[in-house]
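What follows is a single structure, written as structure tokens, with notes after it.
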Amino acid sequence: MNSYIEKVDFFKGNDPEAIAKEYGTPVYVCSEEIIRKHMHDVSQVIIKYPYTANYSVKANTNIHILKLALEEGLNCDAMSVGEIKMLEAAGFPYDRIFFIPNNVSDEEMQYAIERGIMTSLDSLSQLKQFGELNRGGKCAVRINPGVGAGHCEKVVTGGKKTKFGIAEEDIPEIFEICKEYDLTIAGINQHIGSGFMTPDPYLQAVDNLLRIALQFKDLEFIDFGGGYGIPYHKLEDDEADYPMEDFKKRLEPILDYFVDSYGKAPLFKSEPGRYCVAEGVVLLGRVHAVKQNAGHAYAGCDIGMNVLVRPSMYDSWHDVEVLRAGKVVSRDSLETITLCGNICESGDLLAKDRKLPKIEKGDLVALLDAGAYGWSMCSTYNSRPRPAEVMVMKDGSVKLIRRRETYEDLMRLF
Ligand SMILES: Cc1ncc(COP(=O)(O)O)c(C=O)c1O
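The opening position of the sequence shown corresponds to residue 726 in our numbering, with each subsequent residue numbered one higher.
So this is what it looks like as structure tokens:
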């Protein structure tokens, strides 16, 4: 593919150069249309049985994006009180929030309990803590399914070597704790990891969780987790989309078999984050320097690892498009160059030894698929204020959805 931006008309006729000038760079540019489409897709994963998709807000907590999830009929997962507060601000009622924290304090747990927010406990110790705080209450438990998958080891959350969930062999202790504190287990959940491109590991984990579910009586819901990947290598390798239709087809008989054995269909849930938002956001940065260092070409831009940490944290790949005077530079002629940021770290690299069109000082670079774990993982490292976010609306207008942080914002805490 020569250009994803052009293929999907990402800016809807707006000049990216004008957006960059008006809002400054770096700037996260979101597409209402693409985000809504992906949110709609995940809401249709299960049709035959009661189902809700919970958008996993850690991927992107911008309140305007949460409002899109609300309008698309999604529920949400929150990992922290901060995320619950974002959801409150977006207008989510408490019965559409599922709190799935790990290792939280009494105060955080109490915040959810007081609001009647369904909470999943991810260890026996946290289940006891919940029992102390809410004797006679209802909750869920997160099971570690013993299998995991993901785009890199750091995002695999299921399996023997991760900190998450309660192992299957500890299930009898769940029942003992429930007896001691008169707790009801309303649901079980799992999450095997993030960013897999074939349905096989997820389907295997669904099958496994449903086998485990048979040990629990009268479950109100079973949550299979998120993790559906998106094609980060779309530009250079024409990577295909996650095979959603094939996945749905293969999921249904597994659910049929379970419903038959369990005697009823509880509410099924999933927890996709990345799939909802990643492809609907492009990160624009300005190139401020080009240089050769010991025979290697570098282009230095204002997207530091504080703005997009995924490449340095996970070795993640983001396709890059080069824009000059608002137009995508053709990929007909390419050269090898490393695109880096403006942070004082040798690991501050966005794209290493990448084949890109010739980059000139003053160009814009567009990092694709930046909507998940982009802004939400930003920091102010090197005392750089965090960037603005804008949204290209369905009608083509451009709306500021989070202003750029200022130096005054950085000083305010002192
Ligand atoms: C418990 C849980 N659920 C859902 C998600 C969302 O994963 P993804 O964004 O890959 O869909 C995560 C991501 O880390 C998670 O930890």
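Note that CB positions come from ideal geometry on N, CA and C, so glycine has one too.
May I ask whether a heavy atom of ligand 1 can be found less than 6 Å away from the beta carbon of A784?
Along the sequence shown, one-based indexing puts residue 784 at 59. Checking every heavy atom of ligand 1 against the Cβ of A784, one is found closer than 6 Å.
Specify the secondary structure class of F1143 as computed by DSSP and reduced to three states.
An answer regarding residue 1143 cannot be provided, because it is not within the stretch 726 to 1139 covered by the chain.
Quick check on the contact list: which residues have their beta carbon closer than 5 Å to a heavy atom of ligand 1?
Those residues are S781, A784, H916, S919, G951, G952, E996, P997, G998 and R999, given in chain order.
Nearest to D1044 by CA position, among E964, V1015 and Q1017, is which residue?
Indexing the sequence shown from 1 puts residue 1044 at position 319. The shortest C-alpha separation from D1044 is found at E964.
For D962, name the three-state secondary structure that DSSP assigns.
On the sequence shown, residue 962 is found 237 positions in, with the first residue counted as 1. D962: helix per DSSP, three-state reduction.
At what residue ranges does the stretch 978–1060 contain a whole run of the beta strand (DSSP E), taking only runs of 3 or more?
Here the runs fully enclosed are 992–995, 1006–1018, 1021–1026 and 1045–1049.
Give me the Cβ distance between N1107 and G1029, rounded to the nearest whole Å; I'm assuming they're in contact under 8 Å.
The count along the sequence shown starts at 1 and reaches residue 1107 at position 382. The count along the sequence shown starts at 1 and reaches residue 1029 at position 304. About 7 Å; that satisfies the 8 Å criterion.
Should D948 and I979 be called a contact, given that it needs their Cβ atoms to be closer than 7 Å?
Here the question's residue 948 lines up with position 223 in the sequence shown. Here the question's residue 979 lines up with position 254 in the sequence shown. Going by C-beta atoms, D948 is not nearer than 7 Å to I979.
Hey, quick one: how far does the alpha helix (DSSP H) through Y1132 stretch, first residue to last?
Counting from one through the sequence shown, the residue named residue 1132 turns up at place 407. Per DSSP, Y1132 belongs to the alpha helix (DSSP H) from Y1132 to M1136.
Should I891 go down as buried or exposed, given a rule of 16 or more other Cβ atoms within 10 Å for buried?
Mapped onto the sequence shown, residue 891 falls at position 166. Under this definition I891 is a buried residue.
Rounding to the nearest angstrom, what Cα-Cα distance links R975 and H916 in this structure?
As a working mapping, residue 975 is identified with position 250 in the sequence shown. As a working mapping, residue 916 is identified with position 191 in the sequence shown. Their backbone Cα atoms lie some 19 Å apart in a straight line.
Taking the Cβ atom as the reference point for each residue, do T1063 and L1048 lie within a distance shorter than 7 Å?
Here residue 1063 refers to the residue found at position 338 of the sequence shown. Here residue 1048 refers to the residue found at position 323 of the sequence shown. Contact: no.
If the criterion is Cβ atoms closer than 7 Å, does the pair I788 and A745 meet it?
Along the sequence shown, read from residue 1 onward, the residue named residue 788 stands at position 63. Along the sequence shown, read from residue 1 onward, the residue named residue 745 stands at position 20. No, Cβ-Cβ distance for I788 and A745 is not below 7 Å.
Can you give me the C-alpha to C-alpha distance between I825 and M1116, rounded to a whole angstrom?
Numbered from its first residue, the sequence shown carries residue 825 at position 100. Numbered from its first residue, the sequence shown carries residue 1116 at position 391. When rounded, the distance between both Cα atoms is 29 Å.
So which of E1060, H1021, F921 and H1013 has the shortest CA-CA distance to P997?
Translated into positions along the sequence shown, residue 997 becomes position 272. It is F921.
Are the stretch 1089–1106 and the stretch 1001–1019 in contact at 8 Å, needing three or more beta carbon pairs?
In short, these stretches touch, since the Cβ pair count reaches three.
On a CA-only basis, which of E878, A778 and T750 is nearest C1001? Give me that one, please.
Within the sequence shown, numbered from 1, the residue matching residue 1001 stands at position 276. Among E878, A778 and T750, the Cα nearest to that of C1001 belongs to A778.
Throw me the rounded Cβ distance for the C755 and I790 pair, which I believe falls under 8 Å.
As a working note, residue 755 is residue 30 in the sequence shown. As a working note, residue 790 is residue 65 in the sequence shown. Indeed they touch by this definition, with Cβ atoms about 7 Å apart.
Inspect the CB distances between the stretch 751–767 and the stretch 791–807 and report whether three or more fall short of 8 Å.
These segments touch.
Please report the distance separating the alpha-carbon of G871 from that of F889.
The residue given as residue 871 occupies position 146 in the sequence shown. The residue given as residue 889 occupies position 164 in the sequence shown. Their backbone Cα atoms lie some 10 Å apart in a straight line.
How would you label A837, buried or exposed, when you count the other beta carbons within 10 angstroms and need 16 or more for buried?
As a working mapping, residue 837 is identified with position 112 in the sequence shown. When all chains shown are included, A837 counts as buried.
For a quick check, are the C-beta atoms of L852 and I902 less than 7 Å apart?
Sequence index remark: in the sequence shown, residue 852 carries index 127 (1-based). Sequence index remark: in the sequence shown, residue 902 carries index 177 (1-based). Their beta carbons are under 7 Å apart, which means L852 touches I902 by this criterion.
Need the endpoints of the alpha helix (DSSP H) that M764 sits in, please.
Reading the sequence shown from its first residue, position 39 is the one you call residue 764. Run containing M764: E757 to S768, per the alpha helix (DSSP H) assignment.
Assuming R1091 is part of the beta strand (DSSP E), what are its boundary residues?
Along the sequence shown, one-based indexing puts residue 1091 at 366. Residue 1091 is actually Ala in this sequence, not Arg. Per DSSP, A1091 belongs to the beta strand (DSSP E) from L1089 to L1092.
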